[in-house]
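Participant: Following this message is one structure expressed as structure tokens.
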Amino acid sequence: MSETGRPKIEVRGLGKSFRFGGSTIDAVDDVSFSIRRGEFVALLGPSGSGKSTVLNMIATLLEPSRGEMFIDGNRVIPHRATPDVGYVFQRDTLFPWRTVAENIGYGLELAGVPKAEREARVAECVAQAGLKGFETAYPSSLSGGMRQRAALMRAIVVRPQVLLMDEPFGALDTHTKIDMHDVLLKIWDREQQTVLFVTHDLGEALTLADRIILFSARPGRIKESFEVDLPRPRDAVKLPETPRYAELFSRIWHSLGEEFVKGRAA
Amino acid sequence: MKGHALGWQMLICVVLLVVWQWGYDLHEMAPDFVPDLLDPYFVSRPSDIMKQFLILSCLKSKMGLWNGWFDGQFGACMTKYENNLWMAMWVTLKTTFFGFLAGVSSGFVLGLALGRSAKLSAVFQPFITAVNSIPRIALAPLIVLAFGIGETSKIVTSWIVVVFLVFFNTFEGARSVDEGFINTARLLGASEWKITRTVIIPSTMTWLFASLTPAISFALIGVIVGEFIGAERGIGRLIIESEARGEAAGMMVAVIVLMIVGVVLSALIWRLQAYLLRWQAHYQRN
């Protein structure tokens with residue numbers, strides 16, 4: 001990956017506290033990291049470790065209590081969408097009143113892309129996601145996997161440089177999930193977006209990421225960072241059979257396991 | 267199965283009509299055994315209603331002769347009786363339509379504005395609750411006084427009963443728009459106006475439509491009550507005229523016409539709804 005000085009995403013001393021009745025709970029505390037252009041980074045941790053909170057602050061959906069965030073050196077301002085940043089939700093959030101093609105083309109419509117170009121780009125994405133023949137279907141008639149693929153394409157079609165993903169495949173069954181990993185890996189191999197991917201699934205993080213940032217149980221802090229030196233392009237089905245995968249898995253699993261135990265005790 | 271139900275429905279209709287038509291005769295033949303519930307003076311009977319229908323619609327003269335189309339008798343009858351059934355129906359339908367349209371559009375806009383603005387809703391909430399507590403029909407005489415016995419007063423009465431119904435539904439709908447949809451749109455760069463147009467309005471549509479079927483009935487009720495109080499024409503006026511003459515048949519004609527009008531209007535709304543909400547799973551079963 002090319003190192004062009006400035007990091008694509010930089011987070012410094014980020015913290016978030018929520019008030020519950022009289023007491024204040026620190027969900028995230030003193031989180032700092034930086035991500036290179038084109039890097040695929042997974043934020044891994046047990047539930048309640050604040051990884052989604054960090055992502056949502058970077059996405060401008062949540063206001064941080066402390067700290068700063070920068071994308072391309074520009075400060076991230078809460079509640080104001082940052083250009084060239086795409087976001088994929090845990091739920092698919094497809095608009096039920098729009099067809100698959102209309103959902104995917106939504107961002108292009110907002111950007112004022114002419115109809116002909118819009119249709120061409122949507123068609124390309126539909127093909128990529130294996131949704132051919134379902135362009136005019138409404139989300140209510142699609143399976144969970146198809147819906148999430150359409151949601152992914154709605155974020156991809158506008159060609160964002162940064163992709164923020166909040167456990168996007170968390171609700172899918174194992175096979176559908178592996179299918180989605182392949183779709184995502186192919187897109188990333190070609191477009192090389194900078195990706196920040198939140199997950200609690202170590203296997204998923206290993207399959208997709210260049211680097212795994214491990215979060216500790218509440219309050220969410222960065223515990224450790226692991227380079228994932230598995231060769232690219234990767235095959236989501238075959239990768240878990242390789243010895244290097246197994247080696248990394250057991251190493252990170254041990255560290256993650258400590259956090260699970262701590263989280264349970266808390 | 268569907269044919270089966272239809273058979274039963276037909277049978278029920280026939281039985282009801284037969285009882286209605288000859289039930290009172292049976293009472294007269296055997297007063298000790300059959301109660302006098304169906305006195306034609308009060309409820310008329312199907313044959314009399316049919317007769318009255320033909321007279322009120324200028325198809326037959328009061329003598330029971332057919333009014334010819336070509337000899338101009340039909341036209342003469344239509345001009346002579348200003349509030350003939352056709353004219354009454356036209357006036358009532360027209361005012362219902364405008365009352366409905368005014369009520370739905372203003373209720374929708376108001377509901378959307380207050381539903382999406384915490385400030386506006388905090389300010390206006392008590393006023394709306396207060397006005398909503400008035401039984402709207404109680405305002406009808408006041409409205410007729412203010413707007414006269416013409417069509418305007420009927421439209422206003424109809425509007426005032428429809429607007430709150432639509433308002434409350436839209437208000438709830440606008441407040442319960444999925445935050446995930448709004449965030450998705452915002453993160454894709456949508457402006458507030460675009461979010462309103464492409465997310466909030468479509469997702470409030472379901473709630474709006476839930477109020478349209480009752481709204482059309484309410485619009486009709488508003489118009490009829492307005493016509494009771496003071497009108498030159500309309501179905502409500504026809505009922506009052508028949509009542510003054512003690513003609514149950516005439517009132518029954520009006521009531522049956524209103525029933526048919528109500529069913530047709532509801533069916534039209536259902537069709538519109540099925541088209542506009544075609545993305546909902548239960549409209550996709552053909």
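Heads up: the protein sequence lines correspond to chains A and B, in order.
Just so you know, we're using this note's numbering here: the first sequence kicks off at 1 and counts up by one.
Just so you know, we're using this note's numbering here: the second sequence kicks off at 267 and counts up by one.
Ideal Cβ placement from N, Cα and C applies to all residues, glycine included.
Bear in mind that the values here come from a model prediction, so they are computed numbers and not experimental data.
(1) If the cut-off is 8 Å on Cβ atoms, which residues from the segment 440 to 452 of chain B count as contacting chain A, listed in chain order?
(2) Could you check which residue in A/Val-162, A/Arg-218, A/Glu-241 has the C-alpha nearest to that of A/Thr-194?
(3) Say whether chain B places a C-beta atom closer than 9 Å to the C-beta of A/Phe-18.
(4) Counting beta carbon pairs with one atom in the segment 454 to 466 of chain B and one in the segment 479 to 486 of chain B, are three or more of them shorter than 8 Å?
(5) Please list the terminal residues of the continuous alpha helix (DSSP H) segment that includes B/Gly-381.
(6) Does the beta carbon of A/Gly-5 come closer than 9 Å to any beta carbon on chain B?
(7) Just the Cα atoms here: how many angstroms apart are B/Asn-552 and B/Ala-540?
(8) Check this for me: beta carbons of A/Ile-35 and A/Ile-9, under 9 Å apart or not?
(9) So is A/His-175 in contact with chain B if we call contact Cβ pairs under 9 Å?
(10) Can you tell me whether A/Ser-225 is buried or exposed? The criterion is at least 16 other CB atoms within 10 Å of its CB, across all chains shown.
(11) Pick helix, strand or coil for A/Gly-170, following the three-state DSSP scheme.
(12) Which chain B residues are close to A/Thr-93, counting only those with a beta carbon under 9 Å from its beta carbon?
(13) So with CB distances below 8 Å, who are the chain A contacts of B/Pro-392?
(14) DSSP three-state call for A/Val-158: helix, strand or coil?
(15) If the cut is a Cβ gap below 7 Å, which residues of chain B does A/Leu-110 touch?
(16) Quick one: does A/Ile-9 have its CB under 9 Å from some CB of chain B?
(17) Is any beta-carbon of chain B found at less than 9 Å from that of A/His-254?
(18) Residues in its own chain within less than 6 Å of A/Ser-2 by CB, not counting five upstream and five downstream?
(19) Taking the alpha helix (DSSP H) that A/Phe-134 falls in, what are its first and last residues?
(20) Just curious, the beta strand (DSSP E) that A/Ile-213 is in, first and last residue?
(21) Grab the span of the alpha helix (DSSP H) containing A/Tyr-106 for me, first residue to last.
(22) To the nearest whole angstrom, what separates the beta carbons of B/Leu-359 and B/Val-527, a pair I think is in contact under 8 Å?
(23) With a threshold of 9 Å between beta-carbons, can A/Ala-120 be considered close to chain B, or not?
(24) Determine, for B/Trp-545, whether the minimum Cβ-Cβ distance to residues of chain D falls below 9 Å.
(25) Does the beta carbon of B/Thr-436 sit closer than 9 Å to a beta carbon anywhere in chain A?
(26) With H, G and I counted as helix, E and B as strand and the rest as coil, what does DSSP make of A/Glu-39?
(27) Does A/Gly-48 have its Cβ less than 9 Å from a Cβ in chain B?
(28) What residues are listed by DSSP as bridge partners for A/Leu-163?
(29) Between B/Gly-477 and chain A, is any beta-carbon pair separated by less than 9 Å?
(30) Taking 9 Å as the threshold (beta carbon to beta carbon), is B/Val-465 in contact with chain A?
(31) Mind the definition here: the segment 9 to 23 of chain A touches the segment 207 to 215 of chain A only if three or more C-beta pairs lie below 8 Å; say whether that holds.
(32) Sort B/Asn-449, B/Val-427, B/Val-410 by Cα distance to A/Tyr-87 and report the nearest one.
(33) What are the residues of the segment 143 to 164 of chain A that lie near chain B, defined by any Cβ-Cβ distance shorter than 9 Å?
(34) What in chain B is Cβ-close to A/Leu-55, meaning under 8 Å?
(35) Determine the DSSP secondary structure at A/Asp-72, reduced to helix, strand or coil.
Facilitator: To lay it out plainly:
(1) Taking 8 Å as the cut-off between beta carbons, the residues of the segment 440 to 452 of chain B near chain A are Asp-444, Gly-446, Phe-447, Asn-449, Thr-450, Ala-451, Arg-452, in sequence order.
(2) Taking the Cα of A/Thr-194 as reference, the smallest distance to any Cα among A/Val-162, A/Arg-218, A/Glu-241 is reached at A/Val-162.
(3) Not an interface residue.
(4) By the Cβ test, the segment 479 to 486 of chain B is not in contact with the segment 454 to 466 of chain B, since fewer than three Cβ pairs between them sit closer than 8 Å.
(5) Counting along the chain, B/Gly-381 sits inside the alpha helix (DSSP H) bounded by residues 351 to 382.
(6) No, its Cβ sits nowhere closer than 9 Å to a Cβ of chain B.
(7) For B/Asn-552, the predicted model reports a pLDDT of 44, less than 50, meaning its position is unreliable; a value from the coordinates is still stated below. Approximately 11 Å between the Cα atoms of the pair.
(8) Their beta carbons are under 9 Å apart, which means A/Ile-35 touches A/Ile-9 by this criterion.
(9) Under the 9 Å criterion on CB atoms, A/His-175 is classed as non-interfacial with respect to chain B.
(10) A/Ser-225 is exposed by the Cβ-count criterion.
(11) In this structure, A/Gly-170 counts as coil in the three-state DSSP scheme.
(12) The answer, in chain order, is Asp-444, Gly-446, Phe-447, Asn-449, Thr-450.
(13) At a C-beta separation below 8 Å, B/Pro-392 has no neighbours in chain A, since its nearest C-beta there lies roughly 29 Å away.
(14) DSSP places A/Val-158 in coil when its eight states are reduced to three.
(15) Neighbours of A/Leu-110 on chain B, chain order: Leu-454, Gly-455, Ala-456, Lys-460.
(16) No, A/Ile-9 lies away from the interface with chain B (no Cβ there is under 9 Å from its Cβ).
(17) Answer no: the Cβ-Cβ gap between A/His-254 and chain B never drops below 9 Å.
(18) Model confidence at A/Ser-2 stands at a pLDDT of 45, short of 50, so the residue's coordinates are unreliable; what they give is reported in the following sentence. Closer than 6 Å at the Cβ level, and outside the excluded window around A/Ser-2, lies no residue.
(19) From DSSP, A/Phe-134 is part of no alpha helix (DSSP H); its letter is neither H nor E.
(20) First-last of the beta strand (DSSP E) with A/Ile-213: 211 to 215.
(21) In the DSSP annotation of this structure, the continuous segment of the alpha helix (DSSP H) that includes A/Tyr-106 starts and ends at 106 to 110.
(22) The pair is a contact, with the Cβ atoms about 7 Å apart (cut-off 8 Å).
(23) The beta-carbon of A/Ala-120 is placed no less than 9 Å from the nearest beta-carbon of chain B.
(24) Given the protein chain composition of this structure (A and B), no chain D is represented.
(25) At a cut-off of 9 Å between beta carbons, B/Thr-436 makes no contact with chain A.
(26) A/Glu-39 falls in the coil class under three-state DSSP.
(27) Judged by the 9 Å Cβ criterion, A/Gly-48 is not in contact with chain B.
(28) In the DSSP output, where bridge partners are listed per residue, A/Leu-163 has A/Gly-86, A/Val-195.
(29) Correcting the residue type first, residue 477 of chain B is Ser in the shown sequence and not Gly. No, no contact with chain A.
(30) Answer yes: the Cβ-Cβ gap between B/Val-465 and chain A drops below 9 Å somewhere.
(31) Counting C-beta pairs with one atom in each stretch, the segment 9 to 23 of chain A and the segment 207 to 215 of chain A have fewer than three that are closer than 8 Å, which means they do not touch.
(32) With distances taken between Cα atoms, A/Tyr-87 lies closest to B/Asn-449.
(33) So the list reads Ala-151, Arg-154, Ala-155, Val-158, Leu-164, given in the order they occur along the chain.
(34) Residues of chain B whose Cβ lies closer than 8 Å to the Cβ of A/Leu-55 do not exist, since the nearest Cβ in that chain is about 12 Å away.
(35) Three-state DSSP puts A/Asp-72 in coil, outside helix and strand.
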